[in-house]
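S.K.: Pasting in a structure now, in structure tokens, and then I'll have a few things to ask.
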């Protein structure tokens, strides 16, 4: 057990780091461990405890203010200290308090989300299903995909179990393996280093199946780190691949990753550039726009996402998505638009914009894939826009749509 005073100090430092500097939970925690010389035992205990605090930050902040400690970091940490850092006990109190609240505010408090976010999703799904989705996004999961270009599923499972990782094989996607301990460290795992397995969420895998039949030129417009690219290259018949990322550092990782998992891939061109303005000198390509987004569908991968959700942020990201798509449409015969978001601002509303602006020049295509269901109703694109719902697949939340393009210059 970590001394409560030490836990209080470290939690305050972590909250300041993630709130003020907008850095990922894992990075902030890793810096904390190094700076304060935490033992591996202390780090393991605190990681899980602090992860839960971040997941339920909005709830704890509300209860801190309600209990007279105030909503600021100092008061919140004092409140947790007074409650022995028992988040489960706090959640039990919230259940008692929430009975008199509206359904959306009740869901927001019970599951630790901003109230505006839950209000925006209310009506997109039945209330019980919305709750299942919000709950599922809170539950940590860790998936890996067997790299069948290098090994068999059986040998990959044997390698993982030999290294101390127990896994469950997905009933339909046989190459997808769920780690029984979602908090297990896999970065230095020998099976990963040898390229036998790829860290990839099941929803990322399911969304990328839409690209299995692409052929000819392929543009991955927002490619880094390259996980979806590896899956596409291992399955599709592609003559030339252009992988683009705006970050030189991230772009430099792509060829190393591809080589590690697939070996030498002919005609792979990696470009550092901004796909909002880049001219590809390519026509009629299959284009994947796996766009920057809020990552509201990947909360369990980084719970800090919850702390920075705002409509202003989503609208800013929506502008980026529109700019990416409008430029990429000029080079595409087929375009696949993907976001790891459960909010319609980063899905249906973007596609509705394209449908209206490019009427007669784009055709929305149907997708018939496992776990890929119709998106939210009430939009022009609703019958041809699709989502992977977290609670149905036991993975992240994705939006995906496929378009056929004609005559856009």
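In our numbering, the protein residues as written are 726 to 1134. Beta carbons: idealized from backbone N, C-alpha and C, even for Gly.
1) Where does the unbroken alpha helix (DSSP H) through residue 743 begin, and where does it stop?
2) Do residue 788 and residue 1116 come within 7 Å of each other at the CB atom, strictly closer than that value?
3) Could you spell out where the beta strand (DSSP E) holding residue 940 opens and where it closes?
4) Taking only runs that begin and end inside the segment 933 to 994, name each unbroken alpha helix (DSSP H) of 4 or more residues, in chain order.
5) For residue 898, I'd like the list of residues in its chain whose CB is within less than 8 Å of its CB, leaving aside the five on either flank, ordered along the chain.
6) For the beta strand (DSSP E) containing residue 924, name the first residue and the last one.
7) When the distance is taken between beta carbons, is residue 1009 closer than 7 Å to residue 969?
8) CB-CB under 7 Å to residue 1131, same chain, minus the five flanking residues each way: which ones, in chain order?
9) Could you tell me which residues DSSP puts in a beta bridge with residue 868?
10) Taking all protein chains shown into account, do 16 or more other C-beta atoms lie within 10 angstroms of the C-beta of residue 1156, making it buried, or fewer, making it exposed?
11) Just to confirm my understanding: we take residue 867, look at its own chain, exclude 5 residues before and 5 after, and list those with CB closer than 6 Å. What are they?
12) Between which residues of its own chain and residue 775 is the CB-CB distance below 7 Å, once the five residues before and five after are set aside?
13) May I ask which residues mark the beginning and end of the alpha helix (DSSP H) holding residue 818?
14) Report back the beta-carbon spacing between residue 947 and residue 1000 to the nearest angstrom; my notes put them in contact at under 8 Å.
15) Round the Cβ separation of residue 1062 and residue 1014 to the nearest angstrom and send it over; I've been treating them as touching at under 8 Å.
16) For residue 1143, does the count of other Cβ atoms within 10 angstroms reach 16, so buried, or fall short, so exposed?
17) Report the CB separation of residue 987 from residue 874 in whole angstroms; it is logged as a contact under 8 Å.
18) Using a 10 Å radius around the Cβ and a threshold of 16 neighbouring Cβ atoms, would you call residue 1102 buried or exposed?
19) Which parts of the segment 1011 to 1092 are runs of the beta strand (DSSP E), unbroken and 3 residues or longer, counting only runs that do not cross its ends?
20) Label residue 972 either buried or exposed according to how many other C-beta atoms from any shown protein chain fall within 10 Å of its C-beta, with 16 as the threshold for buried.
21) Can you round the beta-carbon distance between residue 978 and residue 950 to whole angstroms, since I take them to be within the 8 Å contact cut?
22) Please report the residue range of the alpha helix (DSSP H) in which residue 794 lies.
23) In chain order, what residues of the same chain have a beta carbon less than 7 Å from the beta carbon of residue 920, not counting five sequence neighbours either side?
24) Taking C-alpha atoms, which residue in 1031, 945 and 1134 lies nearest to residue 994?
25) Give the straight-line distance between the Cα atoms of residue 936 and residue 1090, rounded to the nearest whole angstrom.
26) Can you tell me whether DSSP reads residue 1008 as helix, strand or coil?
27) Within its chain, find whatever has a CB closer than 6 Å to the CB of residue 980; leave out the 5 residues flanking it on each side and keep chain order.
28) If you pair each beta-carbon of the segment 801 to 817 with each one of the segment 765 to 780, do three or more pairs fall below 8 Å?
29) Where residue 762 and residue 991 are concerned, what is the direct C-alpha to C-alpha distance, given to the nearest angstrom?
30) Per DSSP, which residues does residue 1127 bridge with? Please list them.
31) Strictly by DSSP, which residues pair up with residue 1111?
32) If the criterion is Cβ atoms closer than 7 Å, does the pair residue 1135 and residue 1100 meet it?
33) Whose C-beta lies closer than 8 Å to the C-beta of residue 865 among residues of the same chain, with five residues either side of it excluded?
34) In or out: residue 896 buried (at least 16 other Cβ within 10 Å) or exposed?
35) Opposite residue 893 in the DSSP bridges: which residues?
36) Would you mind working out which of 975, 1082, 752 and 939 sits nearest residue 959, comparing C-alpha positions?
M.R.: From the atom records:
1) Membership of residue 743 in the alpha helix (DSSP H) is indicated by the continuous run 729 to 746.
2) For residue 1116 and residue 788, no; Cβs fall outside 7 Å.
3) Run containing residue 940: 940 to 945, per the beta strand (DSSP E) assignment.
4) Here the runs fully enclosed are 952 to 960 and 973 to 987.
5) Hits under 8 Å: 927, 930, 931 and 1095.
6) Annotation: the continuous beta strand (DSSP E) that includes residue 924 extends over 922 to 924.
7) No, these two residues do not count as a Cβ contact at 7 Å.
8) Cβ within range, chain order: 1086.
9) In the DSSP assignment, residue 868 forms a beta bridge with 903.
10) The structure shown does not extend to residue 1156, since the chain is modelled only from 726 to 1134, so the question has no answer here.
11) Within the same chain, residue 867 has close Cβ partners 904 and 907.
12) Excluding positions up to five away in sequence, the list reads 736, 739 and 754.
13) In the DSSP assignment, residue 818 falls within the unbroken alpha helix (DSSP H) covering 812 to 822.
14) Separation of the CB atoms of residue 947 and residue 1000 is rounded to 6 Å, and the pair is thereby assigned contact status at 8 Å.
15) Beta-carbon to beta-carbon, residue 1062 and residue 1014 are separated by about 5 Å, close enough to satisfy the 8 Å threshold.
16) The chain is shown from 726 up to 1134; residue 1143 falls before or after that span and cannot be answered.
17) About 6 Å; that satisfies the 8 Å criterion.
18) Of the other Cβ atoms in all chains shown, fewer than 16 fall within 10 Å of the Cβ of residue 1102; this residue is therefore exposed.
19) Here the runs fully enclosed are 1057 to 1064 and 1087 to 1090.
20) By the 10 Å Cβ count, residue 972 comes out exposed.
21) Indeed, because the Cβ distance is near 6 Å, the residues count as touching under 8 Å.
22) Judged by DSSP secondary structure, residue 794 falls outside any alpha helix (DSSP H); it is assigned neither H nor E.
23) Take residue 920, set aside five residues on each side of it, and the residues of its chain with a beta-carbon closer than 7 Å to its own are 872, 875, 985 and 986, in chain order.
24) In this structure, 945 is the residue among 1031, 945 and 1134 with its C-alpha nearest to the C-alpha of residue 994.
25) About 13 Å.
26) When DSSP states are grouped into helix, strand and coil, residue 1008 belongs to the coil group.
27) If we look at residue 980 and ignore the five residues flanking it on each side, its Cβ neighbours are 995.
28) The segment 801 to 817, when compared against the segment 765 to 780, does touch it at the 8 Å Cβ threshold.
29) Rounded to whole angstroms, the gap between the alpha carbons of residue 762 and residue 991 is 46 Å.
30) Its beta-bridge partners are 1061 and 1090.
31) Looking at the DSSP assignment, residue 1111 forms a beta bridge with 1099 and 1125.
32) No information on residue 1135 is available, as it lies outside the stretch 726 to 1134 that the chain covers here.
33) Excluding sequence neighbours, residue 865 sits near 776, 907, 908 and 1025.
34) With a 10 Å radius around the Cβ and a threshold of 16 neighbouring Cβ atoms, residue 896 comes out exposed.
35) Bridge partners of residue 893 according to DSSP: 903.
36) Distances from the alpha-carbon of residue 959 to those of 975, 1082, 752 and 939 put 939 closest.
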